[in-house]
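To keep things clear, I will list the structure first and then write my remarks on it.
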Amino acid sequence: MGLTPRPDRRGGTRGRGDVPGPPHVRGPGPLGAPLRGPDPSTGEGEDRPDIEALLKAAGLVHEGVEDRIGEAVVAGLDSRVVGTASVEGFGELGHLRSVAVDQEFRGGGLGILLVARAAAVARDRGCTQLYAVTEDAASFFERLGFRPIGPKDALPEPIARTPMVRGQCSEDAVALQLALA
Ligand SMILES: CC(C)(COP(=O)(O)OP(=O)(O)OC[C@H]1O[C@@H](n2cnc3c(N)ncnc32)[C@H](O)[C@@H]1OP(=O)(O)O)[C@@H](O)C(=O)NCCC(=O)NCCS
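So the mapping is simple: the working numbering equals the position in the sequence shown, first residue as 1, plus 1350.
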């Protein structure tokens, strides 16, 4: 007896055992382009202007990208950076920051891929917990398994005292945690 495929959230159908396909991407697919980094040894400083522009357009902190270029994951389409995320490590604690997708490519799953890649990078670096802080994208992170833990003061001290969290996040920002171990 066959199983009746059930509609998935995007209107397709999925039967037991099927592997979900890649997220839908509008336009020329950035998913076909490699997610790369972080690897400061491969000259990815070339991505800096694109990353800065992306963060600025997304309303995120765009200063100091050059200092963090070795922590950045980017999604490239041809020679253009269309998405980025970054992990600052504090021993077993990781701070996921600067998650941004080019407006043109939002809603296609690229944000999920960037966070997944950044989480893998954090795990590879020995982080057991990953933290994010956001003013208005808390539900995006919650969909990915992050758990809200309170306002920014709830962050572990090394992350709470970073200039970005202390100086750039408002009191309304929400802190979230994802266990990696
Ligand atoms: C947040 C952001 C990175 C998401 O990128 P994206 O590529 O559009 O995300 P995805 O397509 O992978 O979205 C995955 C899911 O999260 C949802 N989502 C996307 N952005 C969201 C947001 N800001 N708030 C709540 N949910 C959001 C999507 O609707 C989607 O849900 P669905 O599968 O039910 O449709 C992007 O909107 C962005 O750059 N925002 C501005 C910068 C920002 O707020 N960054 C986060 C704090 S560092």
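Ideal Cβ positions, reconstructed from N, Cα and C, are used throughout, including at glycine.
In the three-state DSSP reduction, proline 1399 falls in the helix class (H, G or I). In this structure, the C-beta of alanine 1482 approaches ligand 1 to less than 8 angstroms from one of its heavy atoms. Serine 1520 has its CB no nearer than 8 angstroms to any heavy atom of ligand 1. Per the coordinates, the alpha-carbon of glycine 1433 lies some 12 angstroms from the alpha-carbon of arginine 1398.
The way I'd put it, the segment 1452-1461 doesn't touch the segment 1499-1512; fewer than three beta-carbon pairs between them come closer than 8 angstroms. Rounded to the nearest whole angstrom, the C-alpha separation of valine 1411 and glycine 1517 is 10 angstroms. Ligand 1 has no heavy atom closer than 8 angstroms to the beta-carbon of valine 1524. Scanning the segment 1407-1449 for uninterrupted alpha helix (DSSP H) segments of 4 residues or longer gives 1415-1418, listed from N- to C-terminal end. In the DSSP annotation of this structure, alanine 1482 is not part of any alpha helix (DSSP H); the continuous beta strand (DSSP E) holding it starts and ends at 1479-1484.
A heavy atom of ligand 1 is found nearer than 8 angstroms to the CB of alanine 1450.
In the three-state DSSP reduction, glycine 1476 falls in the coil class, being neither helix nor strand. With a beta-carbon spacing of about 4 angstroms, proline 1508 and phenylalanine 1440 fall inside the 8 angstroms limit used to define contacts.
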